[in-house]
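Residue numbers (the numbering used here): 192 to 1035.
Virtual Cβ for every residue (Gly too), placed ideally from N, Cα, C.
Take a look at the structure below.
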Amino acid sequence: PRTIYLQDYAPFGWQVQSAHLTFRLAPEATRVVSRLHFAPNPGAPAQDFFLHGEELTLIRASIDGEEITPEVTPEGLRCEVPSGPFLFEAEVEIAPAKNTALEGLYMSNGMYCTQCEAEGFRKITYYPDRPDVMAPFEVRIESDLPVLLSNGDKVEIGEGFAEWHDPWPKPSYLFALVAGELVNHAGQFTTRGGRDVELNVWVRPGDEHKCPFAMESLKTSMRWDEDVYGREYDLDIFNIVAVDDFNMGAMENKGLNIFNSSAVLASPDTSTDADFERIEAIIAHEYFHNWTGNRITCRDWFQLCLKEGLTVFRDQSFTADLRSAPVKRISDVLMLRARQFPEDQGPLAHPVRPESFQEINNFYTATVYEKGAEVIGMLKRLVGDEDYFKALDLYFERHDGDAATIEDWLAVFEDATGRDLSQFKRWYSQAGTPRLRYEESFADGTYTLTFHQHTPPTPGQEEKAPQVIPVAVGLLGPNGDEVVETRVLEVTEAEQSFSFEGLSAQPVPSVLRGFSAPVVLENDIPRETRLFLLAHDTDPFNRWEASRSLARESLMASVTEGAEPDGAWLDALGQVLSETGLEPAFRALMLGVPAQAELARALHEKGVTPDPEAIWTASERLAQTMAARWEGMLPALAEEAKVEADYVPDAEQSGKRALGSAVLALQTRLDGGAAALAAFDGATNMTQQLAALSCLVRAGRDKQALEAFHAQWKNDKLVMNKWFGLQIALAGPDVAVERTEALVKHPQFDASNPNRFRAVLGALAGNHAGFHRADGHGYRLLADHLIDLDSRNPQTAARMAVAFQTWTRYDEGRQALMKAELERIAAKPGLSRDMSEMVSRMLG
Ligand code: B3K
Ligand code: ZN
């Protein structure tokens, strides 16, 4: 496969002044007629006229009304064109019913829908399918289906057709079309400028009752973007459509967002609190793209973080505002460490702005999204809130309607604040997680922190230069009082000191408060200091972090030396748990212990080869010890976690339920499942029902409950995904593989539905000890299914192959087994470009 390089960027030789498309829909033979007005692009180098097009049957083509016979290749079409403006017309045939890759125009449960980002539009018609070519679109859809939707505003809806016009010039990746038997949950929003906007959530008949939450989330997002970023909506209609078969969460097509049904449909009976929060965040994310992504898009796909990092940062801020900021920050860091750190520290490491790719779909990664968001957070921390919003205003003013770059983005910050960001830019170009270490000294009332930073090599980047690391620090006095409030130190050198004067005694530092930069803090902070911070830190993140690191060390000592869980830590944590002044959601997070994969990474970082079985055993033992040690306080915590009011998925109630679920898990360790069985039977919402079922699965007392759950929910696909996933994800290492083998034979397993495939095979990959079973059965099972899926849906298959990215961490036996599976995948004839790139990068 061909590699594309950032440095080779060149603009397209023509502009598309307008695009007119007519669709005559038919499952096996849809006709797409395009009328494209081209004009030479004065700024572009001379080039052949080439339009992207894949898997299209060309019926006819013409220029200015004259039939032409273009040169057609598997990648597109080439022809001679006039030197001035001209009209290009083409008619092509495509087969949406046969499209199993779910990219381009495809069918899901009898409805037509599209997914064009990044390069799917070329499977719909011939077009310059690149984000820097923007055009207004007019779309006519002809079909007998009752609901026919496209981007922009309605022009005319009649018997068997609909016409839409999107006045905002957009790249082809934002094109969307939907046709089907759908019903709408309608709403209305008036923008602050007075525009009345019709809102709809479109779903299949029967799902109407699962729409109100998405609608409320949309309105809240629209208001928030006006209030916080000053951004208003710009069309008279905003449609959201739920689709069952979808490769990702959702897509921000202009005025017509298409969502995985799992990211829209919500009801208390069928969705957990976590689902509600995720739906709210995804609705917000896609809506926020209207400005950060659509009005200002990316010049090329290397700039993907320009829209994704920023939009993730915006949705994280939104959730933090709506719910609890510390709880949101801790959850985001957990996610970053679970998904982005392994990427940054393994064979798939790439900069936030990659410089080459074979298949762009492989770069919708945690690095581009979540580390991309961290980079924006650091920028905001460095310049301060006021200057941040000044820079954003300038960004919107200067680049509205542009296809922009990271250089453009940084320039608005430089111009708005007068800062030089050339060193900061390394966050975009250097891959890898920086390591930070500090030394302390104290003399004559002056306390000095000396930082050292370095970034380990990553594939293709041996040498790393120092980065700008904003380190938020506060100092605590010996009695636990805060003597210096949080201040942000800017570490820019490989080694750099900062002093604090006028202190009467040596303070205890609280470093990297709020996780102010995505780095690994390497200090072996003494256990006493961590216990002190756990008891006294005023920064909730670092308080949580202190406990988390004590937990990690305790578990590591269990794994390597068979040590007992750390009693001093458990007692100190027990104190925090009984602080009724702390919000329940925060205490629920404090009860969480490092995941087994996190321990594997921590051990590997210390030069210890992780043993998955030993990690599993140590984790089980810790849970058992926690339960026994805190037995006395569990009833009071359970009492506090009770929610008497009617179910609402807000932060307060969800926090209580999260605490209640964590307490039930501990209780189950003591009573073998009696309380969980009662909770399962008495559950009045999915959060409780699933929490109880999880406890029963872990306790190995799940047979009847799983049957009952199945009987109750067998007709609800989204709930059934939970049923499939849970019994694998939480199974013991001895049975996880067998359960997966049984479930892929279940009549309701459907490998062509990405949600179902992920629920089952993703759960196996996420069961650390089960997946890493020493005999390699877990590896083989996953590889078998990835090979199978790759021939139909390369995007989802390649994405899930990431489960193998940590293969070099493990013992020789496991390494050999995983390598053999990667090689087996690589050797498969006809392997997709997506999968072949992923596997070859992992093999190095
Ligand atoms: N922009 C889309 C992701 C498209 C993925 C293409 N493989 C959703 C989002 O980030 O909002
Ligand atoms: Zn996005």
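Can you tell me whether residue i is buried or exposed, with buried defined as 16 or more other CB within 10 angstroms of its CB?
{"i": "residue 906", "result": "exposed"}
{"i": "residue 406", "result": "buried"}
{"i": "residue 196", "result": "exposed"}
{"i": "residue 799", "result": "exposed"}
{"i": "residue 449", "result": "buried"}
{"i": "residue 830", "result": "exposed"}
{"i": "residue 797", "result": "exposed"}
Residue i by DSSP, collapsed to three states: which one?
{"i": "residue 829", "result": "helix"}
{"i": "residue 955", "result": "helix"}
{"i": "residue 357", "result": "strand"}
{"i": "residue 879", "result": "helix"}
{"i": "residue 966", "result": "coil"}
{"i": "residue 345", "result": "strand"}
{"i": "residue 196", "result": "strand"}
{"i": "residue 843", "result": "helix"}
{"i": "residue 231", "result": "strand"}
{"i": "residue 211", "result": "strand"}
{"i": "residue 565", "result": "helix"}
{"i": "residue 351", "result": "coil"}
{"i": "residue 687", "result": "strand"}
{"i": "residue 241", "result": "strand"}
{"i": "residue 549", "result": "coil"}
{"i": "residue 312", "result": "helix"}
Of all the options the options, which has the alpha carbon lying nearest to the alpha carbon of residue i?
{"i": "residue 828", "options": "759, 694 and 848", "result": "848"}
{"i": "residue 720", "options": "375, 388, 670 and 507", "result": "670"}
{"i": "residue 247", "options": "223, 665 and 227", "result": "223"}
{"i": "residue 543", "options": "232, 536 and 560", "result": "560"}
{"i": "residue 733", "options": "702, 982 and 762", "result": "702"}
{"i": "residue 715", "options": "990, 443 and 737", "result": "737"}
{"i": "residue 764", "options": "940, 803, 502 and 818", "result": "818"}
{"i": "residue 996", "options": "533, 259 and 577", "result": "533"}
{"i": "residue 834", "options": "766, 846 and 285", "result": "846"}
{"i": "residue 939", "options": "908, 570 and 294", "result": "908"}
{"i": "residue 504", "options": "568, 463, 639 and 441", "result": "568"}
Once you ignore the five residues that flank residue i on each side, which residues in its own chain have a CB closer than 7 Å to its CB?
{"i": "residue 885", "result": "917 and 921"}
{"i": "residue 789", "result": "528 and 529"}
{"i": "residue 599", "result": "590"}
{"i": "residue 883", "result": "855, 867, 870, 871 and 874"}
Alpha carbon to alpha carbon, what distance is there between residue j and residue i?
{"i": "residue 241", "j": "residue 597", "result": "27 Å"}
{"i": "residue 330", "j": "residue 949", "result": "34 Å"}
{"i": "residue 355", "j": "residue 431", "result": "16 Å"}
{"i": "residue 546", "j": "residue 617", "result": "13 Å"}
{"i": "residue 376", "j": "residue 491", "result": "36 Å"}
{"i": "residue 869", "j": "residue 936", "result": "31 Å"}
{"i": "residue 458", "j": "residue 816", "result": "36 Å"}
{"i": "residue 443", "j": "residue 429", "result": "11 Å"}
{"i": "residue 380", "j": "residue 724", "result": "47 Å"}
{"i": "residue 624", "j": "residue 973", "result": "28 Å"}
{"i": "residue 822", "j": "residue 735", "result": "22 Å"}
{"i": "residue 718", "j": "residue 698", "result": "16 Å"}
{"i": "residue 1003", "j": "residue 968", "result": "16 Å"}
{"i": "residue 565", "j": "residue 344", "result": "36 Å"}
{"i": "residue 556", "j": "residue 531", "result": "8 Å"}
Might you give, ordered along the chain, the residues of its own chain that have their beta carbon closer than 6 Å to the beta carbon of residue i, omitting 5 neighbours on each side?
{"i": "residue 277", "result": "229, 254 and 255"}
{"i": "residue 655", "result": "621 and 646"}
{"i": "residue 244", "result": "267, 268, 313 and 317"}
{"i": "residue 510", "result": "472 and 519"}
{"i": "residue 687", "result": "642"}
{"i": "residue 550", "result": "1024, 1025 and 1028"}
{"i": "residue 352", "result": "333"}
{"i": "residue 756", "result": "745, 813 and 816"}
{"i": "residue 325", "result": "360, 361 and 362"}
{"i": "residue 280", "result": "226 and 253"}
For residue i, which residues from the same chain have a beta carbon less than 8 Å from its beta carbon, with the 5 sequence-adjacent residues on both sides left out?
{"i": "residue 914", "result": "897, 900, 901 and 904"}
{"i": "residue 486", "result": "359, 425, 587, 591 and 592"}
{"i": "residue 919", "result": "927, 930, 931, 934, 951, 954, 955, 958 and 961"}
{"i": "residue 998", "result": "1005, 1006, 1009, 1010, 1013 and 1033"}
Please check if any C-beta of chain B sits within less than 7 Å of the C-beta of residue i.
{"i": "residue 873", "result": "The structure shown contains no chain B; it is built from a single protein chain."}
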